[in-house]
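All residue numbers for the sequence shown refer to UniProt numbering, where the first residue is 1 and numbers rise by one.
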Amino acid sequence: MAAYDVLFQPLQIRNLTIRNRFLSTSHEPGYVLAGDITDRYIAYQAEKAKGGIGLTQFGGATAVSAENSFYYGQINGSVDKVIPQFRRMSAAIHQHGAHCTVQLTHGGRRERWDLTNWLPTFSPSPLREIIHGTFPATMEDHDIRRTIENYVAAATRVREGDVDGVEISCQAGTLIEQFWSPAMNHRTDGYGGPLANRMRFGLEILEAVRRRLGDDYVIGIRMPGDEMLKGGLTQEDCLTIASTYAGSGLIDFISVVGGQASDYKSEARIWPTMWVPSAAWLPLAKAIRDEVQGKVKIFHATRITDAATAEHALKSGAVDMVGMTRVFIADPHYANKLKAGEEENIRPCVGVGYCVDRAIRGIDALCAHNVATSREATIPQNVAPAAVKKKVVIVGGGPAGMEAARVSARRGHEVVLFEAGEQLGGQLLLAARATWRREISGITAWLARQMEILNVDVRLNTYAEAEDVLAQAPDAVIIATGGLPNLGRFEGVELAVSAWDVLSGQTAVSGSVLIADENGTASVASTAEFAAAKGARVHIVTPDREFGREIGGTNLGAHMTELYKHDVAIETDTRLVALRRAGNGLIATLENTYSEKRREIAVDLVIGDNGTLPNDDVYTALKPLSRNLGEVDLRALADAREQTLVSNSEGRFVLYKVGDAWSSRNLHAAMLDAARLTHPL
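Shown next as structure tokens:
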């Protein structure tokens with residue numbers, strides 16, 4: 001751990017001494033209820049404080065005005081009832097030695113008018129944004145005055161809530177950035193035109209907030225180092241803004257991001273998945289730090305996912321605090337584990353982006369593979385030993401099977417895991433073969449290492465039958481055998497192949513390839529990119545009204561960029577209904593889902609993806625011998641409580657199936673099945 005000593009050095013900001021350089025930057029995970037902070041939200045933040053973080057910036061995009069829509073599940077900072085809620089949150093964080101700030105945000109055009117109070121959205125100019133689709137009202141002088149007053153009132157509530165500081169959002173395409181950016185501000189008055197005029201609104205907000213909060217309170221901003229937007233703010237513009245604001249004496253820190261969030265490609269940049277390299281925007285932060293010459297502290301996040309990169313960010317002089325927000329979602333105890341020399345046991349963030357993709361859809365943020373995060377009330381981050389030791393047999397070594405084995409072993413049970421393949425990983429082994437998604441293999445690599453650390457009896461190359469399971473005399477059996485590809489329901493389906501066939505290399509791709517997408521997930525997008533990269537001409541058809549309906553915004557932006565880069569054709573409202581041979585090729589019959597008009601096209605290969613069907617033969621064979629006959633108490637499962645159903649008094653064990661062996665869903669669902677069954681086992 002000595003190599004990382006710099007990460008554990010304290011940082012002084014005004015009268016605030018932060019215990020280390022670990023930062024969870026402002027984000028809104030959607031754990032509020034109608035604008036109110038919930039116990040779930042408090043537990044989520046407190047867990048990071050308990051895990052050793054220095055500063056956690058909660059309340060990302062906290063609303064300041066009546067017209068704000070809580071689109072992303074924001075805290076309502078525009079009413080006084082939030083003050084005792086802030087006090088409860090800050091007390092829970094302070095109890096564990098960490099500090100906290102709240103981010104205040106007016107979304108401007110980045111709102112919906114039809115969700116909360118049915119008021120117009122507001123912006124410097126009446127320009128529609130693609131993501132939210134609203135046509136904002138142009139802000140008049142009284143709107144500007146009112147908004148400044150709203151910021152001051154909201155900031156006062158933050159201070160009265162015993163929070164250590166406030167961050168004003170000037171990023172992600174929100175209102176202050178809309179005034180800054182020439183791509184969003186077409187005004188001709190004193191708030192438009194030259195950059196000095198466009199900076200005026202934000203400075204007026206900060207002047208008023210500083211006047212009200214006083215010189216002893218921490219105030220900062222979050223801003224882009226480069227908008228990366230045609231006609232928008234350049235890096236030079238952003239350096240000028242940073243220098244002006246830092247030199248004003250109104251702020252104590254600048255938290256730097258890259259890009260903005262006005263369209264799907266931009267979302268993929270500002271909140272990047274594994275599509276963007278590690279710490280890609282760190283040079284933007286360093287440029288601002290060099291520009292401001294120590295006048296303020298510099299924070300930065302954006303895909304810093306490991307201690308070595310964090311250490312480099314500090315030692316190279318790029319930042320004063322290292323934002324590792326999604327790292328603390330994947331493992332809120334990251335800092336403590338690193339300090340204790342338990343780096344191997346840190347659950348990694350690999351950049352799946354499931355958390356932010358859910359958040360920007362307005363639903364609760366969840367880690368793709370740490371299902372305990374935000375569920376601490378029912379699924380603890382640290383697994384407690386069981387009162388009675390049991391024999392647990394798991395069939396299937398994918399993520400769900402390994403999570404079941406990990407939790408069971410940490411509970412103190414004796415665990416045997418059967419895996420038919422030559423290595424652990426399941427479907428993620430295939431997903432990792434697809435172009436830029438290779439880092440997803442970090443999930444299975446970590447779980448596989450946990451099997452070794454916890455001495456799980458892993459038996460590879462073993463296609464377990466019922467007799468193999470029974471020979472172990474188990475107390476509990478968990479079937480995690482996954483699913484088998486479902487190619488679809490079209491005539492001639494036997495002539496098609498699966499995405500698994502292509503990604504595994506069993507089927508070569510060339511010529512013209514048709515992908516019949518009845519899944520809507522990243523599986524099709526990844527397969528299309530994989531095939532196109534091999535030189536195939538790819539055409540995707542889907543009966544959905546949009547491509548990739550199950551893919552969140554940051555991943556969709558990345559996938560669409562890659563698909564169009566490879567000239568992949570995408571056709572919605574269209575279904576493959578028949579397939580037949582024609583010489584050395586195939587003839588596919590396509591049908592429009594509305595007009596029902598049909599047409600035929602010639603192709604060389606057809607890939608069908610209609611999810612998976614349960615691979616549950618061993619479950620079926622074991623079911624009549626089990627004590628619960630395979631039945632699950634769904635209410636108890638939802639609450640992560642012990643399963644107590646007994647349907648067969650002569651049964652020798654309880655039997656459960658998880659993940660795709662139960663129903664075709666996603667990685668998080670499979671991991672959650674496993675965790676909710678094994679934590680109380």
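The beta-carbon is built from N, C-alpha and C at its ideal position, and this holds for glycine as well.
A quick note: this is a predicted structure, and the numbers were derived from the prediction, not measured.
- Residue environment analysis places P385 among the exposed positions, since fewer than 16 neighbouring C-beta atoms fall within 10 angstroms of its C-beta.
- The alpha carbon of G511 has as its nearest neighbour, out of A532, A522, D517 and G505, the alpha carbon of A532.
- DSSP places M402 in the helix class (H, G or I) of the three-state scheme.
- For a cut-off of 8 Å, the C-beta gap from A3 to G77 is around 40 Å, too long to register as a contact.
- The shortest CA-to-CA distance from E529 to any of F135, E67, R88 and T561 is the one to T561.
- About 18 Å separates the CB atoms of A308 and I53; that is not less than 8 Å, and the two are not in contact.
- DSSP places V218 inside the beta strand (DSSP E), whose first and last residues are V218 to P224.
- Take the alpha-carbon of D189 and the one of R157: they are about 32 Å apart.
- Contact annotation, T325 with T25: C-beta distance approximately 5 Å; criterion of less than 8 Å satisfied.
- Assigned with DSSP and collapsed to three states, R289 falls in helix.
- The three-state secondary structure of D320, taken from DSSP, is coil.
- Of the residues A674, R598 and T240, the one whose Cα lies closest to the Cα of S408 is A674.
- Within 10 angstroms of the beta-carbon of A91 lie fewer than 16 other beta-carbons, which makes it exposed.
- The Cβ atoms of Q293 and M223 lie no closer than 7 Å to each other.
- Assignment of F135 by DSSP, reduced to helix, strand and coil, places it in the coil class.
- Rounded to whole angstroms, the separation of the alpha carbons of H99 and D5 is 20 Å.
- Assigned with DSSP and collapsed to three states, S78 falls in coil, not helix or strand.
- Non-local C-beta neighbours of T507 in its own chain, meaning closer than 7 Å and more than five positions away in sequence, comprise V497 and D501, ordered along the chain.
- Across the set V469, E403 and T644, the C-alpha of E403 shows the shortest separation from the C-alpha of G659.
- For Y656, the secondary structure class from DSSP, reduced to helix, strand or coil, is strand.
- Within the same chain, and ignoring the five residues on either side of C355 in sequence, the residues whose Cβ sits closer than 7 Å to its Cβ are R326, I329, A365, L366 and C367.
- Judged by DSSP in its simplified three-state form, H99 adopts strand.
- In this chain, the alpha helix (DSSP H) harbouring K50 covers D39 to K50.
- When rounded, the separation of the alpha-carbon atoms in D357 and L625 is 42 Å.
- Between L23 and the set P84, G133, F253 and R88, the nearest pair of CA atoms involves F253.
- Under the 10 Å beta carbon count, S504 is surrounded by fewer than 16 other beta carbons and is classified as exposed.
- Taking each of D237, T620 and T678 in turn and checking the Cα distance to E414, the smallest one comes out for T678.
- Per the C-alpha coordinates, the member of I130, R211 and A66 positioned closest to D80 is A66.
- Classified as buried, E28 has 16 or more neighbouring CB atoms from the shown chains inside 10 Å of its CB.
- Pairing I298 with V319 gives a Cβ-Cβ distance under 7 Å.
- Listed in chain order, the non-local C-beta contacts of I18 below 7 Å within the same chain comprise P10, L11, G54, L55 and H99, local neighbours out to five positions each way being set aside.
- With a cut-off of 8 Å on Cβ pairs, the segment 441-456 is not in contact with the segment 592-601, counting fewer than three such pairs.
- If you keep only unbroken beta strand (DSSP E) runs of at least 3 residues inside the segment 588-634, you get 598-603, 605-609 and 612-614.
- Taking 8 Å as the upper bound for CB-CB distance, E160 and I83 are in contact here, some 5 Å apart.
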